[in-house]
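**Q** If you count the sequence shown from 1, position 236 lands on 222 in my numbering, and the numbers rise without skipping.
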Amino acid sequence: MTINQVMVIGAGQMGAGIAQVFAQSGLKVKLNDMSQDALDQGLAGIEKRLGRAVEKGRMTAEQQQEAVQRLSGTTDLKDASDCDLVIEAVIEKMDVKVSVFQQLDEITPAHAILATNTSSLPITEIAAATERPSQVIGMHFMNPVPVMKLVEVIRALQTSDETYQAIEDMTKKLEKTPVEVEDFPGFVSNRILMPMINEAIYTVHEGVASAEDVDAVMKLGMNHPMGPLTLADFIGLDTCLYIMEVLHDGFGDSKYRPCPLLRKYVKAGWLGKKSGRGFYIYD
Ligand code: NAD
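1. Determine which residues share a DSSP beta bridge with N184 and list them.
2. Taking 6 Å as the cut-off, is the C-beta of N129 nearer than that to any heavy atom in the ligand SAH?
3. If distances are taken between C-alpha atoms only, which option among L143, A142, L136 and V122 comes closest to L160?
4. What distance in whole Å lies between the Cβ atoms of E74 and S105, which are believed to be in contact at a cut-off of 8 Å?
5. Counting only runs that start and end within the region 113 to 189, where is the alpha helix (DSSP H) found for 4 or more residues in a row?
6. Measuring straight from C-alpha to C-alpha, what distance separates V200 and H210?
7. Taking G12 as part of the beta strand (DSSP E), name the residues at either end of that continuous run.
8. Within the present structure, is the beta-carbon of A24 separated from the nearest heavy atom of the ligand NAD by less than 6 Å?
9. Is the beta carbon of M0 closer than 7 Å to that of N103?
10. According to the neighbour-count rule (16 or more other Cβ atoms, all chains shown, within 10 Å of its Cβ), is T46 buried or exposed?
11. Starting from G31, trace the beta strand (DSSP E) in both directions and tell me its first and last residue.
12. Taking the alpha carbon of P164 as the reference point, which residue from I123, I32, P171 and V194 has its own alpha carbon closest?
13. Flag K21 as yes when its Cβ comes closer than 6 Å to any non-hydrogen atom of the ligand NAD, and as no otherwise.
14. Give the DSSP bridge partners of R281, in chain order.
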């Protein structure tokens, strides 16, 4: 199938990055948010990043202008009526995502593919809430989207081969690397990353080593670019806890139980970099 017109829903951290890479890859993209402020911020962020790319010589001023021209903003979901592909990147709440998908099911043309950037919610359940479950799929971009090469392409139980193929091809067009994943809790990325972070928190909780020393072991000994506790602070400790709960509930296996210290930090409002304090203190 041919994908010409795309819409990205949610102009936050992820949605704005996703819209940017589509525009840079030559596709017409509408960025949608229910909040005009969030939309304005998202669009301004894209223009700023593209401007910086020109300054650094990674793109020409002409390429920047063309990318900006392919991009438009809207707060009206009905503008998805001519879209071939819609990628949802709104907040991580099942009821909100289901409501967006049900509206899109009404608004978009019958051939349109509806993708979600969820990092943890069951895509099979989102697909089941629509009248076109075979055209629903996960497209899990990594943060920051313009930089990170991976997209986990997640098949819901109902996703057709045709839908999968169209999204795999599109991911390559964005100059990203698609990895095919089945719809199970945490997919691949968070199923492996989050238990490692949780175990790092247990080592601090049990007094095996300090946060600094746990991070030093993983950076210097395993060549990780960033220690797991620094990474947890960047992701947000509330998000880490939420994903551990998804794994724990989804598999019903005690090996995924969230560390009590992680729960305590979240209860204290120590959410990492965004709140000024997590395993480290930020100015
Ligand atoms: P964010 O809070 O930065 O942005 C969410 C945006 O969605 C906000 O601007 C909000 O106004 C908008 N929104 C909420 N409900 C809406 C609706 N009904 N219609 C239109 N817009 C709506 O969140 P984010 O970090 O960009 O995450 C978005 C999604 O991407 C989540 O599902 C998250 O799990 C997933 N994700 C996040 C990361 C990450 O590192 N932040 C990585 C991969 C995937």
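Cβ atoms here follow ideal geometry from the backbone N, Cα and C, with glycine treated the same way.
This structure is a prediction, so every number in the text was calculated from the model and none was measured.
**A** Considering the structure as presented:
1. Per DSSP, none; premise fails for N184.
2. This structure lacks the ligand SAH; its bound ligands are the ligand NAD.
3. L136
4. With a Cβ gap of about 12 Å, S105 and E74 do not count as contacting.
5. 147 to 159
6. 12 Å
7. Looking at the DSSP string, G12 is not in any beta strand (DSSP E), and its letter there is neither H nor E.
8. yes
9. Yes, they are a contact pair.
10. exposed
11. For G31, there is no enclosing beta strand (DSSP E); the residue is found in the alpha helix (DSSP H) stretching over Q22 to E41.
12. I123
13. With the sequence shown as reference, residue 21 is identified as Ser, and Lys is not the correct amino acid for it. Yes; taking the cut-off as 6 Å, the Cβ of S21 has a heavy atom of the ligand NAD nearer than that.
14. Because the chain in this structure spans residues -13 to 269, residue 281 falls outside the shown range and cannot be described.
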